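Engineer:
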Amino acid sequence: MTSQSPSLPLTLIPEAELVASARVGDLRAFEELVRRYAPRILRLAIRVVGNEADAEDVLQEAFLKAYAKLEQFQGHSSFYTWIVRIAVNEALMRLRRRHGEREVSLDQEIDTGEDLLPREVEDWHPDPEQQFARQEMHDLLSRTIASLALPYRLVFQLRDVEGLSTEETAEALGLSIPAVKSRLLRARLQLREKLNRFFRREANPA
Amino acid sequence: MNCRQLLDALGDYLDQEITVSVRREIEQHCHRCHKCWLLLETCRKTVAVYEHQEPPELPAAVHDRLMKAVLRIRRDIAR
Ligand SMILES: [Zn+2]
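Line by line, the protein sequences are chains A and B.
Per our numbering, numbering of the first sequence is gapless, rising by one per residue and ending at 206.
Per our numbering, numbering of the second sequence is gapless, rising by one per residue and ending at 1079.
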């Protein structure tokens, strides 16, 4: 271990140090990066490609590419942002191979002209998370996000789930910043509408 | 500020990327308009429930397959 803090358990070592160690051949450091981020990357991949088997391949390819290119990683962004970007590219490539270039375009004009103004606005439980069991909640949120069109789904996933900034999301998807912002708002409004019937005060938890 | 203008400012409001004066206009509108107040609250909760979700654990087989492949690549790079 070439880390500057050899006595720290791996789980407490800062990301940048793990990357530096992995770069000079410390496999345990790279494995810790996998432990830290692979669950998120797998979930991200599932949400893009839509099934577990393909998503596992995306995950594997993304981390292998990252490992092979560690030398080139400049550290301008975090390793996490970098692996997210690699995984998104990998997932989109797979989708395009399956469905064709045009069907998987992210910059298509998707404005359907429908009014953004929400229809049902009702009061929700103060704490919707308390209304559902953990697994139930996970399934509900996964189903709901899966029903969004890809351009909305991806922007929402990167911004609000993975926590990338507007700029990082724009860069990862090759979109302009206004495009990211308008897609994000539409995604949030659509999800809100879909979650309404589960989270409103009068709702009976499924 | 009317309901339409509030909708235009909603994204930046949720991201806390608005000026103090726009924030005040939004809050004043919400005092008068219960529908917009509910919209703001439910949008905030929508983002929060997704934010709070922890990803499921990685299946051990997926982890092992990946680390085996990394080892192979490492050998190739060393060669
Ligand atoms: Zn209003």
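All C-beta atoms in this analysis are idealised placements derived from N, C-alpha and C, irrespective of residue type, glycine included.
None of these values were measured; they are calculated from a predicted model.
By the three-class DSSP mapping on this structure, what secondary structure does Arg-1075(B) have?
Structural biologist: Your numbering for residue 1075(B) matches position 75 in the second sequence. Three-state result, Arg-1075(B): helix.
Engineer: Please list, in chain order, all residues of the same chain as Ala-91(A) whose beta carbon is under 6 angstroms from its beta carbon, the five residues on each side excluded.
Structural biologist: Sequence index remark: in the first sequence, residue 91(A) carries index 91 (1-based). Counting only Cβ-Cβ distances below 6 angstroms, and skipping sequence neighbours, we find Ala-45, Val-48, Val-49, Val-58.
Engineer: Would you say the beta carbon of Leu-1006(B) comes nearer than 8 angstroms to a heavy atom of ligand 1?
Structural biologist: Within the second sequence, the letter at position 6 stands for residue 1006(B). True, at least one ligand heavy atom lies under 8 angstroms from that Cβ.
Engineer: Which one of Asp-54(A), Arg-85(A), Leu-148(A), Asp-123(A) has the shortest CA to CA distance from Leu-164(A)?
Structural biologist: Working through the first sequence from its first residue, we reach residue 164(A) at position 164. Residue Arg-85(A) is the option with its Cα nearest to Leu-164(A).
Engineer: Any idea which residues DSSP pairs Arg-200(A) with across the strands?
Structural biologist: Mapped onto the first sequence, residue 200(A) falls at position 200. DSSP, once it has assigned bridges, lists Trp-124(A) as partnering Arg-200(A).
Engineer: Compute the beta-carbon to beta-carbon distance between Leu-106(A) and Leu-173(A), rounded to the nearest angstrom, for a pair I have assumed lies under 8 angstroms.
Structural biologist: As a working mapping, residue 106(A) is identified with position 106 in the first sequence. As a working mapping, residue 173(A) is identified with position 173 in the first sequence. The C-beta distance from Leu-106(A) to Leu-173(A) rounds to 6 angstroms, short enough to fall under 8 angstroms.
Engineer: Are the C-beta atoms of His-1031(B) and some chain A residue less than 9 angstroms apart?
Structural biologist: Your numbering for residue 1031(B) matches position 31 in the second sequence. For His-1031(B), the answer is no, since every Cβ of chain A falls outside 9 angstroms of its Cβ.
Engineer: Would you report the Cα separation of Leu-1066(B) and Glu-17(A), rounded to the nearest angstrom?
Structural biologist: Within the second sequence, the letter at position 66 stands for residue 1066(B). Within the first sequence, the letter at position 17 stands for residue 17(A). Each residue's Cα considered, the two are about 21 angstroms apart.
Engineer: With a CB to CB cut of under 8 angstroms and the five nearest residues on each side skipped, what residues in its chain are close to Cys-1003(B)?
Structural biologist: Your numbering for residue 1003(B) matches position 3 in the second sequence. Cβ within range, chain order: His-1029, Cys-1033, Lys-1035, Cys-1036.
Engineer: Rounded to the nearest angstrom, what separates Ser-142(A) and Leu-195(A) at their Cα positions?
Structural biologist: As a first step, residue 142(A) must be located in the first sequence, where it is residue number 142. As a first step, residue 195(A) must be located in the first sequence, where it is residue number 195. Rounded to whole angstroms, Ser-142(A) to Leu-195(A) spans 11 angstroms at the Cα level.
Engineer: Just verifying my parser: in three-state terms, what is the DSSP assignment at Ala-1061(B)?
Structural biologist: For the purposes of this step, residue 1061(B) is taken as the residue at position 61 of the second sequence. The answer is helix: DSSP assigns Ala-1061(B) an H, G or I state.
Engineer: Counting only beta-carbon separations shorter than 9 angstroms, does Met-1067(B) have a partner in chain A?
Structural biologist: Here residue 1067(B) corresponds to residue number 67 of the second sequence, with the count starting at 1. Yes, Met-1067(B) counts as interfacial toward chain A.
Engineer: Say the cut is 8 angstroms; is the CB of His-1029(B) nearer than that to a heavy atom of ligand 1?
Structural biologist: Locating residue 1029(B) in the second sequence gives position 29, where the first residue counts as 1. Yes, since a heavy atom of ligand 1 falls inside the 8 angstroms radius drawn around the Cβ of His-1029(B).
Engineer: At a Cβ threshold of 9 angstroms, is Trp-82(A) touching chain B?
Structural biologist: Here residue 82(A) corresponds to residue number 82 of the first sequence, with the count starting at 1. No, Trp-82(A) lies away from the interface with chain B (no Cβ there is under 9 angstroms from its Cβ).
Engineer: Are the beta-carbon atoms belonging to Leu-1038(B) and Glu-122(A) less than 9 angstroms from one another?
Structural biologist: The residue labelled residue 1038(B) in the question sits at position 38 within the second sequence. The residue labelled residue 122(A) in the question sits at position 122 within the first sequence. In this structure, Glu-122(A) lies closer than 9 angstroms to Leu-1038(B) by Cβ.
Engineer: With 9 angstroms as the C-beta to C-beta threshold (strictly closer), list the residues of the segment 18-37 of chain A near chain B in chain order.
Structural biologist: Listed by position, the residues of the segment 18-37 of chain A near chain B (Cβ gap below 9 angstroms) are Gly-25, Leu-27, Phe-30, Glu-31, Val-34, Arg-35.
Engineer: Between Pro-128(A) and Arg-188(A), what straight-line distance do the alpha-carbon atoms span, to the nearest angstrom?
Structural biologist: Here residue 128(A) corresponds to residue number 128 of the first sequence, with the count starting at 1. Here residue 188(A) corresponds to residue number 188 of the first sequence, with the count starting at 1. C-alpha separation (whole angstroms): 16 angstroms.
Engineer: Less than 8 angstroms separating the Cβ of Cys-1003(B) from some heavy atom of ligand 1?
Structural biologist: Position 3 of the second sequence holds residue 1003(B). Correct: Cys-1003(B) has its Cβ closer than 8 angstroms to ligand 1.
Engineer: What does Arg-1074(B) touch in chain A if you count any residue whose Cβ is under 8 angstroms from its own?
Structural biologist: If you number the second sequence from 1, residue 1074(B) lands on position 74. Near Arg-1074(B) (Cβ distances below 8 angstroms), the residues of chain A are Gly-25, Leu-27, Tyr-67.
Engineer: Contact defined as beta carbons within less than 8 angstroms: I believe Phe-79(A) pairs with Val-19(A). What is the distance between those atoms, to the nearest angstrom?
Structural biologist: For this step, residue 79(A) is matched to residue 79 along the first sequence. For this step, residue 19(A) is matched to residue 19 along the first sequence. Right, the Cβ-Cβ distance comes to about 5 angstroms (below 8 angstroms), so this counts as a contact.
Engineer: Does the Cβ of Lys-181(A) lie closer than 8 angstroms to at least one heavy atom of ligand 1?
Structural biologist: As a first step, residue 181(A) must be located in the first sequence, where it is residue number 181. Placement of the Cβ of Lys-181(A) at a distance of 8 angstroms or more from every heavy atom of ligand 1 is found.
Engineer: Please classify Ala-1078(B) as buried or exposed, where buried requires at least 16 other C-beta atoms within 10 Å of its C-beta.
Structural biologist: Taking the first residue of the second sequence as position 1, residue 1078(B) is located at position 78. Per the 10 Å Cβ criterion, exposed.
Engineer: Residues of chain A with a CB under 8 angstroms from the CB of Gln-1053(B): which are they?
Structural biologist: Sequence index remark: in the second sequence, residue 1053(B) carries index 53 (1-based). Per Cβ cutoff of 8 angstroms: Met-137, His-138, Leu-141, Val-161.
Engineer: DSSP three-state label for Val-19(A), please.
Structural biologist: What you label residue 19(A) is simply residue 19 of the first sequence in a count that begins at 1. Three-state result, Val-19(A): helix.
Engineer: If distances are taken between C-alpha atoms only, which option among Leu-140(A), Glu-167(A), Lys-65(A) comes closest to Ile-1073(B)?
Structural biologist: Translated into positions along the second sequence, residue 1073(B) becomes position 73. Nearest option by C-alpha distance: Lys-65(A).
Engineer: Would you verify that the beta carbon of Arg-1004(B) is, or is not, closer than 9 angstroms to some beta carbon of chain A?
Structural biologist: Against the second sequence, residue 1004(B) aligns to sequence position 4. Chain A contact via Cβ: present.
Engineer: Closer than 8 angstroms by C-beta to Arg-119(A): which residues in its own chain qualify, once you throw out the five before and the five after it? Chain order, please.
Structural biologist: Counting from one through the first sequence, the residue named residue 119(A) turns up at place 119. Here the set comprises Glu-193.
Engineer: Indicate whether Val-1047(B) and Met-137(A) have their beta-carbon atoms separated by less than 9 angstroms.
Structural biologist: By one-based count along the second sequence, residue 1047(B) stands at place 47. By one-based count along the first sequence, residue 137(A) stands at place 137. No, the pair does not count as a contact, with Cβ atoms beyond the cut-off.
Engineer: Against Pro-39(A), what residues of chain B qualify as contacts under a CB-to-CB distance less than 9 angstroms, listed in chain order?
Structural biologist: In the first sequence, the residue the question calls residue 39(A) occupies position 39. Under the 9 angstroms cutoff, chain B gives Glu-1054, Pro-1055, Pro-1056, Glu-1057, Leu-1058.
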